[in-house]
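Q: Before I ask anything, let me first share the structure, which is written out below as structure tokens.
Protein chains in written order, with my numbering: chain A, 111 to 524; chain B, 23 to 467.
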């Protein structure tokens, strides 16, 4: 990637609560707020931190499947709903399955780089609890190639990643692999318990390892190689953040140390109609992470924390290998040894990630950026980890589909 | 005739009733399962849902749709395999819809008994009226050339009696589901003196396919389930009558109900259970059983008095509980009926006083709900009842007396040869009434 022609910042992040099973306020049979509520809550909270809508030049919103989950298309039109001051401003909606949120970030970054905007309000949202999981699985399967849906599992994406887990078990051993996946699950829940907006914030299970061991994969009821504890849950949530130029940051009155600088990124697209070249590898993530690190001019060891896309525990394990923290097949060991825990070598997903915090599919990319912004600027509350002075860097990796659309972004404390 | 062939044309009589609708649902699902087998795809399967009430049948179809949706949603992983050859069915939603259609497409709701004339298997789930059962079955049998098998869901009428009076030549079995059939695991199987082995084998295979547990019962009015329940209910009514010499009737009902539920760790109190089954139904069953009993009387003027006052319990068509001994709000008892004044008295007015009279439970953390799924429930119950026996309170005394009576009833069912053994009695109470422990136990010795 070419050297950036100007500096780009992100600031004023906000996450709504991730609502779904696990949250005490969630009742599947009672009416819940819709898409509009979440967009408004997140958007307005960010506007409040930047002196209002008058300071916003553009809006971008990431959303995956509102046309099916909520029977609502034309999502960009919901941005001016956040505040009258946004009326008639340019807005765009991005879609790249579960990487829709990061694509919204990319849209904002590119607008700022193109000098067409100094301040872009960026939102990510998904409201998925509008239907039972068995039907939601149909909707989410849209992130795969529809020609392959018929042969896929009832729970399509869990099925895809179950196949990946199966391939990993076969080569490296199931018991070994599941030790790593178990630790991944435990880290996710323990981190989520420190973050009041997390879906697993109320989780009070005493022995998470025992629970994990008890719930074995059962192909008759679910998929062959994963249990529900290996999967992110169904979530309703939105996140928002602003993307600014240096001038933009001044305009909204946010000091640099309250912002993060975007040092580099990579955006990768793999052919949707092709199966992954190797089920035990996430090649698009590998490529995106490598390019992003290079573009930022740092090394992987300079990172203080990373938000990785753990829609499934096995995806988390594979990510540690794709990032180069572990050799192929050693990712499960790396995680089992605690290296990705909040006090480990490289803390991953410090507020729970997709499994612990929640996975509002189209909103997740923005949520990841907000989390890194919180950690690097010391706003993560109880979930705050120590950011070493010589490693003031963070990264987000947002994945759409089965390693198809991937965006990796590198951030530095501003 | 093979199993599949036997289930090609089936009739459920009384299909819109509480038991009939459940039997219809289970049978429709089983028949659909057969119809979806590759070798059966060119064959037609017919399930006649016969009931007098058009309104009831409309409600039945609604019930079926809702239940089938739930069933399909639970087994979508499997259904995707069943419909693997249907290129037009891609999404779960499409497969679920097709399945619901395929099951409902087997069902023919109708009000005319003639529908049963072509069937090879007929489930009878009409009201507990022997003469009506005999009349309908003999009418069908005269007009049906298939020599059909009759599975009656009667919970009290002796099967041999129906067989002889309707002249069915032994082509009848007692096949007694528990309420609600779609949930309760138990089926009581009652053979007649002439039941063929082939029919019994089919019944076992059918029950197994439905995931039911079969307990054989001898052909004695009430069989095992009601043999226990009716006597258990009589005990409670007698206790209320004796207790209401000292306290108002409504308080006595509340207290005995509480003893049965909380002190005996049962899923619901005895009077709530009577309401659930229906005061009228309980009274009919007692009526059917009573003439067959030599040295005891199953007859309750209280139940008759309540029925005459229009207080019958049972369920509304949407499944909610009708008022009976208790008045219900959101399924929970809130008031007790006073047959003298013909009005309900709010439980909150006397609850505290009565609870105090009964005394505390040995361990307030032990309830039916808290232990039913626990592996160590035997141990917990042993501890609970041992400690109960050391209490001198009114509640403890009533509970021990009640537990002993239940035990005695269980043993009588074996000694009078209604049940083959004590184990069968316990299985019936565990799986048909969802009790946490069987009546034949050593807790109350």
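C-beta atoms are modelled at their ideal positions from N, C-alpha and C, and glycine is treated no differently.
Pair every Cβ in the stretch 503-516 of chain A with every Cβ in the stretch 26-46 of chain B, then say whether three or more of these pairs are closer than 8 Å.
A: Touching, no, given that fewer than three Cβ pairs across the two stretches are closer than 8 Å.
Q: Does residue 291 of chain A come out as helix, strand or coil in the three-state DSSP assignment?
A: Residue 291 of chain A: helix per DSSP, three-state reduction.
Q: Which of helix, strand or coil does DSSP assign to residue 525 of chain A?
A: Missing from the structure shown is residue 525 of chain A; chain A here goes from 111 to 524 and no further.
Q: Is the CB-CB distance between residue 351 of chain A and residue 235 of chain A below 8 Å?
A: It is not a contact, given that the beta carbons lie outside the stated cut-off.
Q: Rounded to the nearest angstrom, what separates residue 246 of chain B and residue 224 of chain B at their Cα positions?
A: About 22 Å.
Q: In whole angstroms, what separates the C-alpha of residue 198 of chain B from that of residue 304 of chain B?
A: Those two C-alpha atoms are separated by around 16 Å.
Q: From which residue to which residue does the alpha helix (DSSP H) around residue 376 of chain B run?
A: Segment 373-380, the alpha helix (DSSP H) holding residue 376 of chain B.
Q: Using a C-beta cutoff of 8 Å, does residue 99 of chain B count as contacting chain A?
A: Output row for residue 99 of chain B: interface = yes.
Q: Could you tell me which residues DSSP pairs with residue 352 of chain A in its beta bridges?
A: BP columns for residue 352 of chain A point to A:121, A:231.
Q: Along the stretch 231-247 of chain A, where does the CB come closer than 8 Å to a CB of chain B? Name the residues.
A: Against chain B - using a Cβ distance shorter than 8 Å - the residues of the stretch 231-247 of chain A are 242, 244, 245, 247.
Q: Can you grab the Cα-Cα spacing for the pair residue 417 of chain A / residue 485 of chain A, in whole Å?
A: When rounded, the distance between both Cα atoms is 11 Å.
Q: For residue 178 of chain A, return the contacting residues in chain B, with the cut-off set at a CB-CB distance below 9 Å.
A: By Cβ distance, chain B contributes nothing, its closest Cβ being about 10 Å from residue 178 of chain A, past 9 Å.
Q: Can you list, in chain order, the residues of its chain with a C-beta nearer than 8 Å to that of residue 302 of chain B? Leave out the 5 residues immediately preceding and following it.
A: Excluding positions up to five away in sequence, the list reads 329, 334, 335, 336.
Q: Give the residues from the stretch 73-102 of chain B that approach chain A closer than 7 Å (Cβ to any Cβ), ordered along the chain.
A: Those residues of the stretch 73-102 of chain B that come within reach of chain A (Cβ to Cβ, closer than 7 Å) are 95, 98, 99, 102.
Q: What is the DSSP secondary structure of residue 105 of chain B, counted as helix, strand or coil?
A: Residue 105 of chain B falls in the coil class under three-state DSSP.
Q: Using DSSP bridges, identify the partner residues of residue 212 of chain B.
A: Paired residue(s): B:196.
Q: At least one CB of chain C closer than 8 Å to the CB of residue 44 of chain B: is that the case?
A: The structure shown has no chain C; the protein chains it does contain are A and B.
Q: Answer with yes or no whether the minimum CB distance from residue 113 of chain B to chain A is below 8 Å.
A: With 8 Å as the cut-off, residue 113 of chain B counts as an interface residue toward chain A.
Q: In chain order, what residues of the same chain have a beta carbon less than 6 Å from the beta carbon of residue 267 of chain A, not counting five sequence neighbours either side?
A: 250.
Q: Between the stretch 179-195 of chain B and the stretch 150-166 of chain B, do at least 3 Cβ pairs fall closer than 8 Å?
A: With the cut-off at 8 Å, the stretch 179-195 of chain B and the stretch 150-166 of chain B touch.
Q: List, from N- to C-terminal side, the beta strand (DSSP E) runs of 3 residues or more that fit wholly inside the stretch 98-181 of chain B.
A: For the stretch 98-181 of chain B, whole beta strand (DSSP E) runs of length 3 or above, ordered along the chain, are 129-132, 143-146, 171-174.
Q: What do you get for residue 212 of chain B, buried or exposed, if any count of 16 or more other CB atoms within 10 angstroms of its CB means buried?
A: Classification for residue 212 of chain B: buried.
Q: So that I know if they touch, is there some Cβ in chain B lying closer than 8 Å to that of residue 260 of chain A?
A: Closer than 8 Å to some Cβ of chain B, the Cβ of residue 260 of chain A qualifies, so yes.
Q: May I ask which residues mark the beginning and end of the alpha helix (DSSP H) holding residue 536 of chain A?
A: Because chain A here runs from 111 to 524, residue 536 of chain A falls outside it and cannot be looked at.
Q: May I ask you to list, following chain order, the residues of the stretch 264-283 of chain A that have a beta carbon less than 8 Å from some beta carbon of chain B?
A: Correct list: 264, 265.
Q: Can you tell me whether residue 73 of chain A is buried or exposed, with buried defined as 16 or more other CB within 10 angstroms of its CB?
A: Residue numbering for chain A in the displayed model covers 111 to 524; residue 73 of chain A lies beyond these limits and cannot be assessed.
Q: Determine, for residue 331 of chain A, whether the minimum Cβ-Cβ distance to residues of chain B falls below 8 Å.
A: Yes, residue 331 of chain A lies at the interface with chain B (some Cβ there is under 8 Å from its Cβ).
Q: Out of A:488, A:206, A:197, A:240, which has the shortest C-alpha to C-alpha gap to residue 131 of chain A?
A: Among A:488, A:206, A:197, A:240, the Cα nearest to that of residue 131 of chain A is on A:240.
Q: From residue 128 of chain B to residue 279 of chain A, what does the alpha carbon distance come to, in whole angstroms?
A: Between residue 128 of chain B and residue 279 of chain A, the C-alpha separation is close to 45 Å.
Q: For the structure I just gave you, are there three or more beta carbon pairs, one from the stretch 455-469 of chain A and one from the stretch 215-226 of chain A, closer than 8 Å?
A: Because the criterion of three Cβ pairs below 8 Å is not met, the stretch 455-469 of chain A and the stretch 215-226 of chain A do not touch.
Q: Once the 5 residues before and after residue 387 of chain A are set aside, which same chain residues still bring their CB inside 8 Å of it?
A: Answer for residue 387 of chain A: 393, listed in chain order.
Q: Output the residue ranges of the beta strand (DSSP E) runs that lie fully inside the stretch 229-310 of chain B and measure 3 residues or longer, sorted by chain position.
A: Listed in chain order, they are 235-238.
Q: Sort A:146, A:474, A:246, A:374 by Cα distance to residue 115 of chain A and report the nearest one.
A: Ranking the options by Cα distance to residue 115 of chain A, first place goes to A:374.
Q: Is residue 152 of chain A closer than 8 Å to residue 348 of chain A when the C-beta atoms are compared?
A: Yes; because the gap between Cβ atoms is below 8 Å, this pair is in contact.
Q: Using DSSP with H/G/I as helix, E/B as strand and the rest coil, what is residue 274 of chain A?
A: Three-state DSSP puts residue 274 of chain A in a helix.
Q: Give the list of continuous alpha helix (DSSP H) stretches no shorter than 4 residues that lie fully inside the stretch 27-97 of chain B.
A: With a minimum length of 4 residues, the continuous alpha helix (DSSP H) runs that stay inside the stretch 27-97 of chain B are 40-57, 76-96.
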